[in-house]
Amino acid sequence: MLPESSTIQTQLDDDGVLVLTLNRPERKNAFNDEQWDTTADTLRQANEDPRVAVVVLTGSGGNFSSGVDLSSFQANPEPRSDGFESAFHAFVPALFAFEKPLIAAVQGVAIGGGATIPMACDFVYAGESLRMRLPFANLGLVPEIGSSYTLQAAIGRQRAAELMLSAEWIDAARALEMGLVARVLPDEQLHAETLSKAREIAQWPISALRAIKQTLRTADQAGIEAAIRVENEAMGRLAGSPENIEAVTAFMQKRKPDFKQFRTKGRT
Amino acid sequence: MLPESSTIQTQLDDDGVLVLTLNRPERKNAFNDEQWDTTADTLRQANEDPRVAVVVLTGSGGNFSSGVDLSSFQANPEPRSDGFESAFHAFVPALFAFEKPLIAAVQGVAIGGGATIPMACDFVYAGESLRMRLPFANLGLVPEIGSSYTLQAAIGRQRAAELMLSAEWIDAARALEMGLVARVLPDEQLHAETLSKAREIAQWPISALRAIKQTLRTADQAGIEAAIRVENEAMGRLAGSPENIEAVTAFMQKRKPDFKQFRTKGRT
Amino acid sequence: MLPESSTIQTQLDDDGVLVLTLNRPERKNAFNDEQWDTTADTLRQANEDPRVAVVVLTGSGGNFSSGVDLSSFQANPEPRSDGFESAFHAFVPALFAFEKPLIAAVQGVAIGGGATIPMACDFVYAGESLRMRLPFANLGLVPEIGSSYTLQAAIGRQRAAELMLSAEWIDAARALEMGLVARVLPDEQLHAETLSKAREIAQWPISALRAIKQTLRTADQAGIEAAIRVENEAMGRLAGSPENIEAVTAFMQKRKPDFKQFRTKGRT
Chain A
0 MLPESSTIQT QLDDDGVLVL TLNRPERKNA FNDEQWDTTA DTLRQANEDP RVAVVVLTGS
60 GGNFSSGVDL SSFQANPEPR SDGFESAFHA FVPALFAFEK PLIAAVQGVA IGGGATIPMA
120 CDFVYAGESL RMRLPFANLG LVPEIGSSYT LQAAIGRQRA AELMLSAEWI DAARALEMGL
180 VARVLPDEQL HAETLSKARE IAQWPISALR AIKQTLRTAD QAGIEAAIRV ENEAMGRLAG
240 SPENIEAVTA FMQKRKPDFK QFRTKGRT
Chain B
0 MLPESSTIQT QLDDDGVLVL TLNRPERKNA FNDEQWDTTA DTLRQANEDP RVAVVVLTGS
60 GGNFSSGVDL SSFQANPEPR SDGFESAFHA FVPALFAFEK PLIAAVQGVA IGGGATIPMA
120 CDFVYAGESL RMRLPFANLG LVPEIGSSYT LQAAIGRQRA AELMLSAEWI DAARALEMGL
180 VARVLPDEQL HAETLSKARE IAQWPISALR AIKQTLRTAD QAGIEAAIRV ENEAMGRLAG
240 SPENIEAVTA FMQKRKPDFK QFRTKGRT
Chain C
0 MLPESSTIQT QLDDDGVLVL TLNRPERKNA FNDEQWDTTA DTLRQANEDP RVAVVVLTGS
60 GGNFSSGVDL SSFQANPEPR SDGFESAFHA FVPALFAFEK PLIAAVQGVA IGGGATIPMA
120 CDFVYAGESL RMRLPFANLG LVPEIGSSYT LQAAIGRQRA AELMLSAEWI DAARALEMGL
180 VARVLPDEQL HAETLSKARE IAQWPISALR AIKQTLRTAD QAGIEAAIRV ENEAMGRLAG
240 SPENIEAVTA FMQKRKPDFK QFRTKGRT
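Protein chains in written order, with numbering that gives the first Met the number 0: chain A, 0 to 267; chain B, 0 to 267; chain C, 0 to 267.
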């Protein structure tokens, strides 16, 4: 009944916990179009499936996700039948429309979408190996998936600004101290402990879990929608800008980007 | 001048600190209609009384409150002259309409309303014996008294979701670490230390305290009102649902509730 | 190109970091009209100057700032050509209109505006000598510069209420623990470490930094504007009130203020 894909694994247990595993370990679980679409489909179906009480989102091979798979990125994607601009753009509303508890279990690399998707979940358990990064400044871009809102809602205005503006790496201890993750566990216990908490939640009535999430979401719905609008507008302006092209080119050429060249009169 | 009741004690000192003590220790200070009404009346009168600068809300007998007294709960209460559906529904706006500093001093059991009322106060001092719980998922219900908003505003979006969805017990150390309470003190010092902080605040002009609280409330007024609306709507839908009836019946029968029976097609 | 003033120093380095130093150490960098205006002008020009990527705001002589210089305060200031009521009122919108990263490096005394200006910055690094205070209750007044919002956004609703209502002193360790500052450093390392983080940020494209800040500000713009409106309205009501005059008179006469005289029928 739940979507099948070679790169997304799903496992539903008798307690009503569905584990959704990003499974392209050789690419550090970077998202390509198939993964965006399958994850979105899985969430949509899990939302309606009475056997599913809670979803745990995790990655295989020791990493959560390195974000968008740039190697599969298409500047001018083919038109989609659902009307969305891209698989990524179709994924975001599906993520926020999921009405049951959604827990992220993250370890290893969690960068870009690999960091902002967990922030859109209800809460996050982390393995000690976590290395998280919001690389948008570094890429000449802006936050995505509502993270300009969700990050502040999780860790406060100041800490969010420091992380977003500096694009610094965040380890598990700092993520916990700031409230970016709810718990840090040894990597080998991450799966079991997250499942244990998921089952604790899954024992309650789905009607109540759904309603509790609805009441909690009342506080942030408008903020997340506004954030996504402003993010998308800014992303449209900056993607493909000279700064963004320099960032991507330098990354490909394995050199440091030179953004100072753009500090000339007329550009501020 | 202040309301009298056998189950609510009030004591006003020369510094302008009014201590309002929930006093049904044999019921762990569970709220019955008389307590909802007397607490609301006390807050209304304290708001107008020029001798009162600060109110401290606490419980007697080593517990704060176990929330609604289910044994006094009436499914179809008599109509009230104030137009509110119940004493509980009349209490909530009185709590948020109180314009002077309101400090909760909590210890022992703080469950349901015993947890959400402190969250509606300006801040909370806790004794080391604190055992707090948001039991709504467990009861097949949703948060109340605006706590779906106030909890997130105090401790952030992620931690709030974990506590609300799992209905887990929270001890004093965790409550402090998350920012759910401002300070933790040995139980035997809780009363004296809270009074000391209350008197520190009570030395300032009441006009300024009222205006400072007004500026702080500007940030959350709309959020709290929206939360209460959505909470009430969901509570009306879930109270008396098969899941809620199973929760209450299992509690009375001292057995574990079986919510899995409801995971059938057509109910999600 | 950047404004010059004896009481505001500016230094721009090759990395694009502009350090703006409040420089009236003999008055603990209290703000007079010239400082409000020069700081506002510097921010306006730095916003347009393509050489500036990041601004660091700091104070000289071991203190950040003791806030408004009461000795230079004029009850009925001369009309200003910019239409603002005072230099202070012209400064506030200039502060929030600055679109590039703004970091505060604070140590020693940070009181009143010296505490609320850092809260309006993107984040704050603090020296161990920090002694911060929000003295508004003590003065019979209310928070300013949107701090009734920004403080809650940084540290949560409860902790903000405790600090604002009690006007207590805050040291560096507590400020860090609450999230009021992002990092605490030994005083002698504060300047170097803040510069180092500022340069880390300044390496990224200014277009992205500006856009990231825009996305982050989406979450708080309306809240800050509403806070400033309510703060100004309340400040207009309370400045010059008997309570405020007693506070200022007691301060001048080096005695404890007596606010209890105002607790009479008709004043609550």
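Ideal Cβ placement from N, Cα and C applies to all residues, glycine included.
Where residue i falls: helix, strand or coil (DSSP)
i	result
D121(C)	coil
S64(A)	strand
L237(B)	helix
F30(B)	strand
L162(A)	helix
K253(B)	coil
E143(B)	coil
A210(B)	helix
A221(C)	helix
G82(C)	coil
P2(B)	coil
R43(B)	helix
T77(A)	Going by the sequence as given, residue 77(A) is Glu instead of Thr. Residue state, collapsed to three classes: coil.
T36(B)	The amino acid at residue 36(B) is misidentified as Thr; the sequence shows Asp. Here D36(B) sits in helix by DSSP.
P49(B)	coil
Bounding residues of the alpha helix (DSSP H) (the contiguous stretch that carries residue i)
i	result
W203(A)	No alpha helix (DSSP H) contains W203(A), which DSSP labels as neither H nor E.
A172(C)	A171 to M177
L69(C)	Per DSSP, L69(C) belongs to no alpha helix (DSSP H) and is neither H nor E.
T146(A)	Checking the displayed sequence, the identity of residue 146(A) turns out to be Ser instead of Thr. Where S146(A) is concerned, the enclosing alpha helix (DSSP H) stretches over S146 to I154.
V91(B)	A86 to A96
Residue span of the beta strand (DSSP E) that contains residue i, given as start and end
i	result
G58(B)	V53 to G58
E182(B)	A quick correction: the sequence has Arg, not Glu, at residue 182(B). First-last of the beta strand (DSSP E) with R182(B): R182 to L184.
V16(A)	V16 to L21
T9(C)	I7 to L11
Identity of the residues DSSP links to residue i by a beta bridge
i	result
A277(C)	Not covered by the structure: residue 277(C). The range shown for chain C is 0 to 267.
T263(C)	Beta-bridge pairing links T263(C) to no other residue.
R130(A)	V108(A) and D170(A)
A103(C)	L56(C) and V123(C)
Close beta carbons around residue i, own chain, < 6 Å, minus the five adjacent residues each side
i	result
L56(A)	L19 and A103
R132(B)	I110 and W168
M177(C)	I154 and R158
S59(B)	T20, N22 and P24
G91(C)	In the sequence under discussion, the amino acid at residue 91(C) is Val, which differs from the Gly named in the question. Here the set comprises I144.
I277(A)	Residue 277(A) cannot be examined here, being either before or after the span of chain A that is shown, 0 to 267.
T37(B)	P2, S4 and I7
F87(C)	W35
V180(B)	V123, A125 and A174
Cut-off 7 Å between Cβ atoms - residues of its own chain near residue i, not counting five sequence neighbours on either side
i	result
A93(A)	A39, L42 and R43
R156(A)	none
M118(B)	S146, T149, L150 and A153
A197(B)	V16, V53, V55 and I102
D324(C)	Residue 324(C) lies beyond the range of chain C shown here (0 to 267); nothing can be said about it.
E33(B)	S4 and T6
R50(C)	L11 and G15
Nonlocal neighbours in the same chain, by C-beta distance under 8 Å from residue i, ignoring five residues either side
i	result
P185(B)	G126 and E127
### Inter-stretch contact at 8 Å, needing at least 3 Cβ pairs: the region 189-196 of chain C / the region 124-131 of chain C
yes
### Query
With a cut-off of 8 Å, do at least 3 Cβ pairs link the region 134-144 of chain C to the region 211-229 of chain B?
yes
### Message
Taking contact to mean 3 or more Cβ pairs, one atom from each stretch, closer than 8 Å, check whether the region 252-264 of chain B and the region 232-246 of chain A are in contact.
### Response
The answer is no - the region 232-246 of chain A does not touch the region 252-264 of chain B, with fewer than three Cβ pairs under 8 Å.
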